[in-house]
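See below for the structure under consideration.
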Amino acid sequence: METGEELDRLVATEVMGEPIPEFTPENALDLQLAGSPVKSPQGNWLCLCEYGEGDIPTWRPLPYSTDISAAWQVVAKNDYSWFDVWRAYGKFYAKVR
Numbered sequence: 043m044e045t046g047e048e049l050d051r052l053v054a055t056e057v058m059g060e061p062i063p064e065f066t067p068e069n070a071l072d073l074q075l076a077g078s079p080v081k082s083p084q085g086n087w088l089c090l091c092e093y094g095e096g097d098i099p100t101w102r103p104l105p106y107s108t109d110i111s112a113a114w115q116v117v118a119k120n121d122y123s124w125f126d127v128w129r130a131y132g133k134f135y136a137k138v139r
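Each residue of the sequence shown is one higher than the last, beginning at 43 in the working numbering.
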């Protein structure tokens, strides 16, 4: 599977355990323009308004497949449950249990 929103949706729902929210906040555009986009209850989704899409609020997953800070949240959530992560000699390693 290629990187992108489809993969990110799977990570948000299947790995992070948060389905796409069913509500749409009325003030999503205002909050986004103020620099504070609306987050889902567990923080895996952002309600964003894209100009090219008519500024209609749409829930989008965090960019787990293309942003290392988002990907690291997956590691932080799951590192004790099904894989080990450690650093040695300047590199990171992971081993599935």
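A virtual CB, placed ideally from N, CA and C, is assigned to each residue, including glycine. Since the structure is predicted, the reported quantities are computational estimates derived from the model, not experimental observations.
- Can you list, in chain order, the residues of its chain whose CB lies under 8 Å from that of Pro79, leaving out five sequence neighbours each side? Indexing the sequence shown from 1 puts residue 79 at position 37. The residues are Ala70, Leu73, Leu88, Cys89 and Leu90.
- Going straight from the alpha carbon of Glu64 to that of Asp50, what length do you get? On the sequence shown, residue 64 is found 22 positions in, with the first residue counted as 1. On the sequence shown, residue 50 is found 8 positions in, with the first residue counted as 1. Between Glu64 and Asp50, the alpha-carbon positions lie close to 18 Å from each other.
- Query: Using the C-alpha atoms, what's the distance from Pro67 back to Val138?
  - Reply: Your numbering for residue 138 matches position 96 in the sequence shown. Your numbering for residue 67 matches position 25 in the sequence shown. Note on geometry: alpha-carbon atoms of Val138 and Pro67 lie some 39 Å from one another.
- Between Val116 and Lys133, what straight-line distance do the alpha-carbon atoms span, to the nearest angstrom? Stepping through the sequence shown from its first residue, residue 116 is reached at position 74. Stepping through the sequence shown from its first residue, residue 133 is reached at position 91. Going by the C-alpha atoms only, they are around 18 Å apart.
- If you follow the beta strand (DSSP E) that Leu90 is part of, which residue opens it and which one closes it? Taking the sequence shown and counting its residues from 1, the one referred to as residue 90 is at position 48. Boundaries of the beta strand (DSSP E) harbouring Leu90: Trp87 to Cys91, taken from the DSSP string.
- Roughly how many whole angstroms lie between the Cα atoms of Pro61 and Arg129? If you number the sequence shown from 1, residue 61 lands on position 19. If you number the sequence shown from 1, residue 129 lands on position 87. Distance between the alpha carbons of Pro61 and Arg129 is about 32 Å.
- Query: How many angstroms separate the CA atom of Pro103 from the CA atom of Ala136?
  - Reply: Position 61 of the sequence shown, counting from 1, holds the residue named residue 103. Position 94 of the sequence shown, counting from 1, holds the residue named residue 136. Straight-line Cα distance between these residues: approximately 24 Å.
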